[in-house]
Amino acid sequence: MYLLALAIAPSIAILVFIYTKDKYDKEPLKFLLLLFGLGCLTVIPACILELVIQGFAGFNESLPSVLVEAFLGVALIEEGVKYFVLRLAAGKRCRHFNQMYDGIVYAVYVSLGFATVENILYVFQGGLTTGIMRALTAVPCHAITAVAMGYYLGIGRFRVDSRDRKKYMALSFIVPVILHGIYDFLVLSGNTILILIFIPFVIFMYIFAFKKIKRLAAHNHMVRDEETGRITDLS
């Protein structure tokens, strides 16, 4: 039982933190639970795709192979399935998506659905030490890539210029894949120098995420009506 608590506690803590930052016009809990549940289900297609690609690619322990595996065999797939669900559930017709910060909230709930299931599997297999390490690294990594995804998605959704909108929508997928790919490459490399870079990179990711959260949370009192385009200040 304690392993289960250890596996889900990091996700709960992050979800509560993200939710409390949304001080105006909070998102419906039912919708957030739906996003979390859909995120949990993304583990299934992600695992299937990863197994298929690994079977065809025949990755080995060389650095070039590890690099390709980290980006194409893991990061692209995992961020891809999460992005697909996010765009499907919180797309143009989502009436709740009326603030830029909502993008971060939605992305984190989807991503941590995935991360929670993944973490349960790893912690039950690896035990206490694995649970503690992943609570500080892997689970926050999923949350941080989700913050990046939601940050650019939130900005892009409210851009009037179509070029700007397309640019931010593209960044909402590209940036998380890059961050996730670098993280996995450093972890899987087995190279002493690269592993030493891992901790500074994780610290950078934390700083990156907090800055993005702070920036959009500062504007979440501004709400836009999807039908009229009217902006309302709730502060």
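Residue numbers for the sequence shown follow the numbering used here, so the first one is 14 and each next one is one higher.
For glycine and all other residues, C-beta sits at the position ideal for the given N, C-alpha and C.
When Arg228, Ala70, Arg108 are compared, the shortest CA-CA separation from Val160 is found for Arg228. The way I'd put it, the segment 20-28 does touch the segment 135-148; three or more beta-carbon pairs between them come closer than 8 Å. Here the alpha carbon of Pro213 sits roughly 12 Å from the alpha carbon of Ile206.
Straight across, the Cα-Cα distance linking Lys43 with Thr143 is about 32 Å.
In the DSSP assignment, Ala59 falls within the alpha helix (DSSP H) that extends over 56-70. According to the DSSP assignment, Gln112 belongs to no alpha helix (DSSP H), since it is labelled neither H nor E.
Contact annotation: the segment 162-172 does not touch the segment 69-83, with fewer than three C-beta pairs closer than 8 Å. Two segments are said to touch when three or more pairs of C-beta atoms, one from each, lie closer than 8 Å; by this definition the segment 89-105 touches the segment 178-192. Here Val121 really is in contact with Ile31; their C-beta atoms are around 5 Å apart, less than 8 Å.
Counting of Cβ neighbours within 10 angstroms places Lys225 among the buried residues, the total reaching 16 or more. Residues Leu199, Val200 of the same chain have their beta carbon placed closer than 7 Å to that of Phe211, with the five preceding and five following residues left out of the count.
Taking all protein chains in view, the Cβ of Tyr119 is crowded by 16 or more other Cβ atoms within 10 Å, so the residue is classified as buried. Annotation for Glu40: no alpha helix (DSSP H) segment contains it, and DSSP assigns it neither H nor E. For Met162, the secondary structure class from DSSP, reduced to helix, strand or coil, is helix. DSSP places Lys227 inside the alpha helix (DSSP H), whose first and last residues are 205-230. The beta carbon of Glu63 sits closer than 7 Å to those of Gly86, Val87, Ile90, all from its chain and outside the five residues before and after it, given in chain order. Secondary structure of Asp35 (DSSP, three-state): coil. Distances from the alpha-carbon of Ala230 to those of Asp38, Ala83, Met14 put Asp38 closest.
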